[in-house]
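Chemist: In this note's numbering, the protein residues as written are 113 to 328. The structure is given below, and queries will be raised subsequently.
Here is the structure:
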């Protein structure tokens with residue numbers, strides 16, 4: 113193993129992560145324990161570069177296609193929430209469609225997004241549910257952020273995450289999802305099992321890209 117390919121600590125579980133592959137733009141390390149793949153810091157964008165990439169996205173709350181996409185998380189979460197629950201949509205982006213969809217079903221939803229709806233006070237409150245759709249793949253320090261969200265959940269509360277999952281090194285090598293320069297943390301099914309065990313949480317995998325974790 114060359115010096116540049118030495119093991120690095122996994123940003124989720126802190127176990128050793130080893131070089132998995134490199135492409136024309138950057139390199140990727142996979143954890144030997146939780147199997148999360150991450151992009152080391154030297155290949156990560158600055159905040160200004162990251163914001164410029166997000167500004168190119170056009171996700172509108174009234175777009176039927178975008179609503180169908182978000183319904184993969186909204187529908188199973190709605191089936192589990194008590195009436196008139198209070199929640200937080202974390203990393204909602206400029207067009208908080210999911211929050212609107214949940215409000216339409218009688219729930220109260222606050223927003224916090226570092227770039228578009230900054231509301232750090234929301235992270236000092238307690239919530240019945242927290243959603244983060246297409247967020248965790250952007251996190252340089254996923255454990256720190258997820259631990260912060262978990263602390264904000266009331267007992268019995270739900271954390272709903274949506275992100276595409278790593279299935280194998282072979283599939284990862286040609287995966288379009290890793291081509292987005294803002295995607296730097298790639299979770300596998302095993303990563304979420306590790307997280308659930310770490311938190312002693314109830315875990316439900318819904319389809320290929322939705323995860324629900326319930327605080328005991």
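Note that the Cβ used here is the ideal one computed from N, Cα and C, for glycine as well.
Taking 8 Å as the threshold (C-beta atoms), are residue 149 and residue 284 in contact?
Modeler: yes
Chemist: Given a cut-off of 8 Å, decide if residue 223 and residue 209 are closer than it, judged by their beta-carbon atoms.
Modeler: no
Chemist: Would you tell me roughly how many angstroms separate the C-alpha atoms of residue 174 and residue 241, rounded to the nearest one?
Modeler: 23 Å
Chemist: What beta strand (DSSP E) runs, 3 residues minimum, are completely inside the region 186-253?
Modeler: Runs of the beta strand (DSSP E) inside the region 186-253: 198-202, 220-224, 239-245.
Chemist: Where DSSP assigns a beta bridge to residue 274, which residues make up the other side?
Modeler: 245, 322
Chemist: Could you tell me if residue 230 is buried or exposed, where buried requires 16 or more neighbouring beta carbons within 10 angstroms of its beta carbon?
Modeler: exposed
Chemist: Could you have a look at residue 124 and say whether DSSP puts it in helix, strand or coil?
Modeler: coil
Chemist: Which residues share a DSSP beta bridge with residue 129?
Modeler: 120, 143
Chemist: Please name the residue, chosen from 319, 321, 307, that lies closest to residue 123 on a Cα-to-Cα basis.
Modeler: 307
Chemist: How many angstroms separate the CA atom of residue 225 from the CA atom of residue 142?
Modeler: 28 Å
Chemist: Taking C-beta to C-beta, are residue 263 and residue 299 nearer than 8 Å?
Modeler: no
Chemist: Residue 207 and residue 172 look like a contact to me (Cβ under 8 Å); what is the Cβ gap, rounded to whole Å?
Modeler: 5 Å
Chemist: Suppose contacts are defined by Cβ-Cβ distances below 8 Å. Is residue 322 in contact with residue 194 by that definition?
Modeler: no
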